[in-house]
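For the sequence shown, numbering that gives the first Met the number 0 begins at 0 and goes up steadily by one.
Positions of the beta carbon are idealized from the N, C-alpha and C atoms, including for glycine.
Here's the structure we're looking at; comments come further down.
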Amino acid sequence: MIKKLNRILFIYMIISGMIYSAPIARIMKAQGDVLIKRMGKNTFTVPGKPGLAINNGDAIKVGEEGFAVAIFIDDKSVVKIRENTQFEFIESASSRTLDIEQGIIFNDIKKEGRTKTFRVETPVSVASVKGTEFAVVSNPSGVDQVFCATGQLDVQNLISGQTVVVGAGQKAISNAMGSVMELPFTPDDYPADPEGVRPKMPTKSKPKPKSTPKQPKSEPQQQAQEQEQSEPEPESEPEQQEEQMESDDSPSQAETSKKSAPKKPFGMGLGVGSVTIDGVLYNQIALRPEINLGKFGVGLDLVFYMDNEGNMKHDEWDFGNDPSKILDKILYLRWGAESDPFWIKFGSLDNITLGYGGILSGYSNMMEFPGVRRIGLNTGVNISGFGGELFMSNMKDFSRGGTLLGLRGTYKVSKSFPLTIGMNFITDMNQFSGLKDIDEDKYPDIFDDFPNDANYYNDTDGDGVPDPHPGKDSPEGGWDIDADGDNIYDQDDSDLLLKGVPFSLDDNKSSVTAYAFDIGYPILNGKALSLKVYTEFNFLSFPEVGSPDSIFYRPNYTGNSFSVPGLRASIFNFIQLSYEFRIKDGYFVPQFFDQSYDIARVVPEYIDGNAIIRTKDMTLFADSSMNVGLIGHFGSISADMFGFGSFYGSYTNMTSENDTVNSFVAALSLNAERIPKLSEATAYYQRTNDSNPFDFENPSVNTILGYRLGYELGKGISVIWDYRQFYRYTGALNEDGSGMLEPVIQTTVETSFSF
Numbered sequence: 000m001i002k003k004l005n006r007i008l009f010i011y012m013i014i015s016g017m018i019y020s021a022p023i024a025r026i027m028k029a030q031g032d033v034l035i036k037r038m039g040k041n042t043f044t045v046p047g048k049p050g051l052a053i054n055n056g057d058a059i060k061v062g063e064e065g066f067a068v069a070i071f072i073d074d075k076s077v078v079k080i081r082e083n084t085q086f087e088f089i090e091s092a093s094s095r096t097l098d099i100e101q102g103i104i105f106n107d108i109k110k111e112g113r114t115k116t117f118r119v120e121t122p123v124s125v126a127s128v129k130g131t132e133f134a135v136v137s138n139p140s141g142v143d144q145v146f147c148a149t150g151q152l153d154v155q156n157l158i159s160g161q162t163v164v165v166g167a168g169q170k171a172i173s174n175a176m177g178s179v180m181e182l183p184f185t186p187d188d189y190p191a192d193p194e195g196v197r198p199k200m201p202t203k204s205k206p207k208p209k210s211t212p213k214q215p216k217s218e219p220q221q222q223a224q225e226q227e228q229s230e231p232e233p234e235s236e237p238e239q240q241e242e243q244m245e246s247d248d249s250p251s252q253a254e255t256s257k258k259s260a261p262k263k264p265f266g267m268g269l270g271v272g273s274v275t276i277d278g279v280l281y282n283q284i285a286l287r288p289e290i291n292l293g294k295f296g297v298g299l300d301l302v303f304y305m306d307n308e309g310n311m312k313h314d315e316w317d318f319g320n321d322p323s324k325i326l327d328k329i330l331y332l333r334w335g336a337e338s339d340p341f342w343i344k345f346g347s348l349d350n351i352t353l354g355y356g357g358i359l360s361g362y363s364n365m366m367e368f369p370g371v372r373r374i375g376l377n378t379g380v381n382i383s384g385f386g387g388e389l390f391m392s393n394m395k396d397f398s399r400g401g402t403l404l405g406l407r408g409t410y411k412v413s414k415s416f417p418l419t420i421g422m423n424f425i426t427d428m429n430q431f432s433g434l435k436d437i438d439e440d441k442y443p444d445i446f447d448d449f450p451n452d453a454n455y456y457n458d459t460d461g462d463g464v465p466d467p468h469p470g471k472d473s474p475e476g477g478w479d480i481d482a483d484g485d486n487i488y489d490q491d492d493s494d495l496l497l498k499g500v501p502f503s504l505d506d507n508k509s510s511v512t513a514y515a516f517d518i519g520y521p522i523l524n525g526k527a528l529s530l531k532v533y534t535e536f537n538f539l540s541f542p543e544v545g546s547p548d549s550i551f552y553r554p555n556y557t558g559n560s561f562s563v564p565g566l567r568a569s570i571f572n573f574i575q576l577s578y579e580f581r582i583k584d585g586y587f588v589p590q591f592f593d594q595s596y597d598i599a600r601v602v603p604e605y606i607d608g609n610a611i612i613r614t615k616d617m618t619l620f621a622d623s624s625m626n627v628g629l630i631g632h633f634g635s636i637s638a639d640m641f642g643f644g645s646f647y648g649s650y651t652n653m654t655s656e657n658d659t660v661n662s663f664v665a666a667l668s669l670n671a672e673r674i675p676k677l678s679e680a681t682a683y684y685q686r687t688n689d690s691n692p693f694d695f696e697n698p699s700v701n702t703i704l705g706y707r708l709g710y711e712l713g714k715g716i717s718v719i720w721d722y723r724q725f726y727r728y729t730g731a732l733n734e735d736g737s738g739m740l741e742p743v744i745q746t747t748v749e750t751s752f753s754f
């Protein structure tokens with residue numbers, strides 16, 4: 000009996016080995032980044048080349064610029080795989096399954112020669128077919144779309160168990176909330192095939208009426224029959240209609256799915272509108288070409304400004320006197336993505352976060368664009384468990400002695416024990432470098448009586464003639480002979496009082512230094528639920544600057560915070576949640592370097608005609624109560640709204656015995672593909688470190704809000720309305736003694752052409 004059992008087991012092992020070792024498919028075509036992960040391996044290491052055998056249990060991953068075609072050996076069924084797609088081949092004795100992590104695939108499943116059921120499974124849904132031509136779009140947010148071109152298939156939602164039957168010309172939408180529905184679709188809705196092949200959609204034609212003997216008809220009957228005969232006429236040329244739809248709308252296929260469609264190698268945007276710069280309204284014409292070749296990409300911003308008299312703003316193109324103006328024409332320059340071994344981006348930066356964001360979170364150097372053009376740098380490496388990142392907000396500030404600079408290093412122990420340790424160093428080398436200095440003479444414009452002339456800086460009486468400047472050559476008309484404006488020649492004036500040398504960036508520096516240490520570990524890492532636990536320690540230091548009787552004085556401030564525990568969860572890649580329990584001590588505010596940092600970094604004010612400046616920390620710590628210890632909570636949520644858009648919201652509540660500090664941040668982005676005539680729609684609101692961030696009628700200096708709307712006039716033509724608002728102190732006081740605020744509104748309206 001034992002010998003017989005051993006013989007059966009031996010035969011079973013041989014058969015099983017043959018099943019798992021024999022190829023089930025081969026790669027027919029491969030372009031770009033295509034990799035195979037063999038069964039039992041942890042990484043994708045085998046290059047996917049035409050002719051390569053695919054075995055049961057293998058997985059395939061197609062990168063951002065890739066495309067692949069696989070054919071099953073037995074029945075010649077074909078699977079086309081678009082960019083950013085990953086799935087596993089699973090074969091059993093009775094079924095064949097493609098287990099998709101995410102992405103877009105096109106399936107042409109043959110009936111002849113096939114003995115197994117064919118299934119496509121995602122984290123949310125499963126589609127079962129017999130002989131069908133169909134496409135599957137699986138979004139990481141937890142929304143699946145299954146398009147049936149020919150034949151029939153069953154789509155089941157794995158959350159609720161609900162199943163719908165989808166026929167030719169129909170699609171199923173299934174989401175992580177458990178709902179699944181069947182809807183019709185047009186050829187324009189079908190995902191774009193990289194090879195340009197479009198499925199032949201079946202058309203329904205009404206059967207021709209059987210011939211009957213002619214009989215006299217009443218007038219209503221005759222009208223009804225004429226109407227019945229006239230209805231089929233538009234359907235008599237279905238192929239012609241389909242060709243017309245394809246030629247008209249096929250170029251927009253890639254545009255309707257920005258996340259999944261590959262970037263075009265070349266694009267051109269044209270903007271026509273108006274913009275306010277330094278209080279002057281200009282008409283603008285902007286050319287914005289983009290080039291994307293593999294991992295390399297570059298975008299330019301070639302803008303021409305004209306005032307209401309038709310005069311060109313030439314200083315934007317004065318490369319001879321200011322070669323750095325060339326950098327202003329680069330919107331971005333990039334190589335690679337953050338997941339690559341090496342990546343870099345130069346120019347505009349948005350949503351920069353280091354670590355878990357306790358100190359620097361969501362930073363953007365574009366908040367004052369185009370009035371202020373910053374040239375940032377963000378680069379990093381990922382090598383064998385080690386990671387490094389460098390961030391600079393504005394390289395032009397660096398030449399003036401200061402910029403916001405960040406460094407991060409990480410180490411991951413191993414894949415089997417994925418504990419990650421990270422450290423951050425962040426510094427604003429000189430907050431004063433954020434003061435506008437048009438002539439770059441190191442005297443900020445607020446203190447410079449000649450902001451457009453680097454040779455002079457003082458004009459005590461304000462008559463436009465410079466005071467005598469020691470060590471400077473006199474102007475063509477000579478120095479002011481009555482510099483104080485008291486109608487007495489300076490050489491005869493015994494009480495001559497002139498302005499001193501103004502505030503200089505060479506002689507004044509206000510820095511901020513921050514450190515952070517964090518450690519994190521993923522507890523769960525599944526398709527349905529992932530959970531990561533972490534802790535983060537943050538430290539902020541503001542060294543003493545100046546003296547109590549100087550133009551600018553700041554005492555020494557220090558503070559720290561400790562987040563333990565910190566939790567981050569993802570549910571079906573559809574909802575992302577985070578929570579932190581925070582303990583704060585001393586002069587510390589979370590996310591000190593946030594989206595609006597450049598706006599509040601250093602702010603000039605006028606009090607009784609005299610100019611003073613305040614850095615962000617001086618505004619936040621003006622009240623000594625900010626030095627008290629606080630304990631509280633931070634939570635955030637972000638989610639995809641079933642393909643109609645996405646939203647993000649966070650709330651912070653920190654309390655002590657006598658004080659409460661709250662923060663609220665919200666952002667909404669709509670999917671313009673789902674809303675007719677809308678080309679884009681985003682809105683945001685941020686109010687941090689306030690007692691009541693929901694007091695919308697009484698904003699604070701920490702408030703920033705805005706939106707960007709695009710109305711589509713025609714194909715590739717949109718009117719873009721970009722609105723941004725924040726607040727600054729005027730220098731005056733309210734009745735309660737608090738500083739009076741004024742709104743700063745930045746509005747840009749332009750007509751955008753994309754081709």
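Mind checking whether residue i and residue j have CB atoms under 7 angstroms apart?
i	j	result
E672	G709	no
T96	I104	no
T750	V135	no
E82	A58	no
L348	R407	no
M394	L404	no
Y578	G525	no
S76	Q101	no
I358	F43	no
S800	T702	Given that the chain is displayed from residue 0 to residue 754, the structure contains no residue 800 and the question cannot be resolved.
F516	M653	no
Can you look up residue i in the DSSP assignment and give me helix, strand or coil?
i	result
M422	strand
F502	coil
E656	coil
N381	strand
G166	strand
R407	strand
Q214	For Q214, the pLDDT reaches just 40, beneath the cut-off of 50, and the residue's location in the model is therefore unreliable, although a value from the coordinates is still provided. Q214 falls in the coil class under three-state DSSP.
D427	strand
I343	strand
P675	coil
S649	strand
Y683	strand
S235	Any answer about S235 is weak, because its pLDDT of 36 lies below 50 and its placement is not dependable; what the coordinates show is given next. It is helical.
Y596	helix
P183	strand
K395	helix
K583	strand
Taking 7 angstroms as the limit between beta carbons, can you name the residues of its chain near residue i, skipping five residues before and five after?
i	result
Q221	Legend: pLDDT at Q221 = 39, less than 50; position of this residue unreliable, no value from coordinates given.
K257	Any answer about K257 is weak, because its pLDDT of 36 lies below 50 and its placement is not dependable; what the coordinates show is given next. If we look at K257 and ignore the five residues flanking it on each side, it has no Cβ neighbours.
G50	R25, I26
L495	D483, D489
Per DSSP, residue i is paired with what?
i	result
F591	Bridge partners of F591: none, in fact.
A52	R25
K36	A58
K79	V68, F105
F133	N106, C147
Q745	R723
Which residues in the same chain have their Cβ closer than 6 angstroms to the Cβ of residue i, if we skip the five residues on either side of it in sequence?
i	result
A568	L530, L576
K216	The predicted position of K216 is uncertain, since its pLDDT is 40 and thus under 50; a value taken from the coordinates is nonetheless stated next. Here the set comprises nothing.
V435	Residue 435 is actually Lys in this sequence, not Val. Correct list, in chain order: D444.
Residue i CB to nearest chain C CB: under 7 angstroms?
i	result
D143	Of the protein chains in this structure there is only one, and it is not chain C.
Whose C-beta lies closer than 8 angstroms to the C-beta of residue i among residues of the same chain, with five residues either side of it excluded?
i	result
D188	F146, K170
F368	S347
Y442	D436, Y456, P501, F502, S503, L504
Original post:
In the stretch 688–741, which residue ranges form an unbroken beta strand (DSSP E) of at least 3 residues, counting only runs that do not cross its ends?
Top reply: 702–713, 716–732
Segments assigned beta strand (DSSP E), at least 3 residues, entirely inside the stretch 265–309
265–276, 279–292, 295–299, 301–305
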